[in-house]
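Engineer: Before anything else, here's the structure in question.
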Amino acid sequence: MASINELVDAITLVLSEEKSYDLPTVCTRYGLESGDESEAFKSRRVYVQRRLKGKDQLFLLDLAKRIINDYGSKANVLAKLVLRLDSTGLFKISEITRRNIMNELYARKNISGNYDLIKFLNRVWDLDNMPSTDYRFITAAEDIWQHMINNSDWDDVFLYEEYLEILTATDEVFFRFLEQVVHPLVRPQPELGEYIEAINKHLVNDGYKLSLAENISGYPVYKITKVLDGVRGQVKNLIFAAVGHKPEIVISDSINNDIKIVKHEENCLIYDRPIPIAGLNWTELVVWWADLHGIQKPSKETEIELYKRLFKSLNSEPEKLLFRSYFKYFKKLFHENLPALIPQVYLHYDPYTIRQREGEKYLFRQRMDFLLLFSNKQRVVIEIDGKQHYSDGDLSNPKKYAEMVKADRELKLNGYEVYRFGGYELMEEEIGAKIIKEFFEQLFKKHGVRTRFDQHNTSS
């Protein structure tokens, strides 16, 4: 573990590069005590260290992160040290994601695309103003040419990770690097889609993606953008798959939003375990089901029992078709990584009956047909609309339709994705199954959900 003294030294190393007459202003800007130029002219290093003396680690870590953000590559030594002290919160794109992306690029063996290596790297780094680490040369450009082109005694991994330190570079540098990899001047158009997909399936895990920003002479230019944050807060009290009488739920602790089922608890399932950051998959749901029934080692029979229990909660033939098709097409493809498709999930619950409210329904949507938790933030709601959603019997009901649309808006504004199928789409088995298969293929692609074959190909 790095010590506070090491942190002070690393911060001092960066700030003491400032001009003596600028140093007092720079230190004041970072919340350090002010001083005069004469003290800074005597020793810039001592000037900075005096102002860091006695500061606690939390203050120094916060200061270090601000300096890293402001000074970029000039603060690489400080960045490495902060990563040892506080691996979270320094970079928007984690080291794991950076490694995964770089491995994707190494495997394709053409990072610089249409450009020669030095010309490509200069689009990201100012090589002519970076010093050489080889005593025979002056600049990094000469260094790289000698070892990557003339002698070929460095490989891509050494160049990017050891020499250019891409894994600990600032987010700004890493973003600029990825944007140049897919720039139309660099990347041949036939390869562009493949590279963007390979990068985005990892970036999305940290909440970012390459998005189309503009066109230059008809060619697309992509920039790193932030993905919507999704749903705020953690999943609690996942109540689902009710059969028979619906559960009666009350709030037992309004401060912590804890609830209690006071009637018909036996008719529903309650998943009360933490949802993993990567989302809830079928295997984890099976393990929970096994534990619930005292089964030490889940088997194929355990999965079948859970499947049948969930299927029993479905109300219509289109819902059943969607559930069957999901497992038919994707269980083998994803194996243990199959996202859990959770039926009949209670999102809101009105603890008073409609009769008690004199016929007024307080919450329009108490339950959603299906829920997917791709992560604790990225949640997808799937609804199968029968005519009861927009009509009374055979008569259309504009008020009922408006209530449904309003409920969708509220869900979307709270970060959920909502997708609706018209029940009529899924009435015919073969056509409906094809629609379902194509929908989930596109949904998985959008969220970067990878099959076991994708993961195997990447690792090999």
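If you read the sequence shown in the working numbering, its first letter stands for residue 292, the second for the next number, and so on.
Beta carbons are placed, not taken as given, at the ideal position from N, Cα and C, and that holds for glycine.
Please read all numbers here as calculations on a predicted model, not as lab measurements.
1. I'd like to know whether the C-beta atoms of alanine 331 and tyrosine 338 end up nearer to each other than 7 Å.
2. Can a CB atom of chain D be found closer than 7 Å to the CB of cysteine 559?
3. Across the stretch 347 to 364 and the stretch 465 to 472, are there enough close Cβ pairs to call them in contact, namely three or more that are closer than 8 Å?
4. State the DSSP-derived secondary structure class of alanine 698, mapped to helix, strand or coil.
5. Taking the alpha-carbon positions, what's the serine 385 to tyrosine 513 distance?
6. In whole angstroms, give me the CA-to-CA distance for alanine 581 and lysine 383.
7. If I measure Cβ to Cβ from serine 307 and keep anything under 7 Å in the same chain, skipping five residues before and after, which residues do I get?
8. How would you call lysine 427, buried or exposed, if buried means at least 16 neighbouring beta carbons within 10 angstroms?
9. I'd like to confirm the pairing. Which residues does DSSP put opposite arginine 711 in its beta bridges?
10. Any contact of the stretch 659 to 676 with the stretch 704 to 714, i.e. 3+ C-beta pairs under 8 Å?
11. Quick check on the DSSP output: the beta strand (DSSP E) that includes lysine 623 runs from which residue to which?
12. Note the first and the last residue of the continuous beta strand (DSSP E) segment covering isoleucine 507.
13. In the structure shown, what three-state DSSP assignment does valine 320 receive?
14. Check this for me: beta carbons of threonine 461 and glycine 363, under 7 Å apart or not?
15. Determine the closest residue to threonine 516 out of Ile487, Ser508, Lys344 and His536, with distance taken between C-alpha atoms.
16. In angstroms, rounded to a whole number, what distance separates the CA positions of lysine 737 and glycine 585?
17. Taking the alpha-carbon positions, what's the leucine 613 to isoleucine 402 distance?
18. Pairs of beta-carbons, one from the stretch 404 to 411 and one from the stretch 495 to 503, closer than 8 Å: are there three or more?
Structural biologist: Let me spell this out:
1. To locate residue 331, count along the sequence shown from 1; it is residue 40. To locate residue 338, count along the sequence shown from 1; it is residue 47. In contact: alanine 331 and tyrosine 338 (Cβ atoms closer than 7 Å).
2. You won't find chain D in this structure, because it holds only one protein chain.
3. no
4. Taking the first residue of the sequence shown as position 1, residue 698 is located at position 407. It is helical.
5. Locating residue 385 in the sequence shown gives position 94, counting from the first residue. Locating residue 513 in the sequence shown gives position 222, counting from the first residue. Their Cα atoms are separated by approximately 21 Å.
6. By one-based count along the sequence shown, residue 581 stands at place 290. By one-based count along the sequence shown, residue 383 stands at place 92. About 38 Å.
7. Start at 1 with the first residue of the sequence shown, and residue 307 comes out as number 16. Closer than 7 Å at Cβ, skipping near neighbours: Arg335, Arg336 and Val339.
8. Here residue 427 refers to the residue found at position 136 of the sequence shown. It should be pointed out that residue 427 corresponds to arginine in this sequence rather than to lysine. Classification for arginine 427: exposed.
9. Against the sequence shown, residue 711 aligns to sequence position 420. Note: arginine 711 sits in a beta bridge opposite Glu674.
10. yes
11. Mapped onto the sequence shown, residue 623 falls at position 332. That residue, lysine 623, is in no beta strand (DSSP E); its alpha helix (DSSP H) goes 608 to 625.
12. Taking the first residue of the sequence shown as 1, we reach residue 507 at position 216. Isoleucine 507 -> beta strand (DSSP E) spans 499 to 507.
13. As a position in the sequence shown, residue 320 is number 29, starting the count at 1. The question names valine, but residue 320 in the sequence shown is arginine. Arginine 320 falls in the helix class under three-state DSSP.
14. Taking the sequence shown and counting its residues from 1, one reaches residue 461 at position 170. Taking the sequence shown and counting its residues from 1, one reaches residue 363 at position 72. Yes, the pair counts as a contact, with Cβ atoms nearer than the cut-off.
15. Within the sequence shown, the letter at position 225 stands for residue 516. Among Ile487, Ser508, Lys344 and His536, the Cα nearest to that of threonine 516 belongs to Ile487.
16. Taking the sequence shown and counting its residues from 1, one reaches residue 737 at position 446. Taking the sequence shown and counting its residues from 1, one reaches residue 585 at position 294. Lysine 737 and glycine 585: Cα-Cα distance of roughly 38 Å.
17. Counted from its first residue, the sequence shown places residue 613 at position 322. Counted from its first residue, the sequence shown places residue 402 at position 111. Rounded to whole angstroms, leucine 613 to isoleucine 402 spans 42 Å at the Cα level.
18. no
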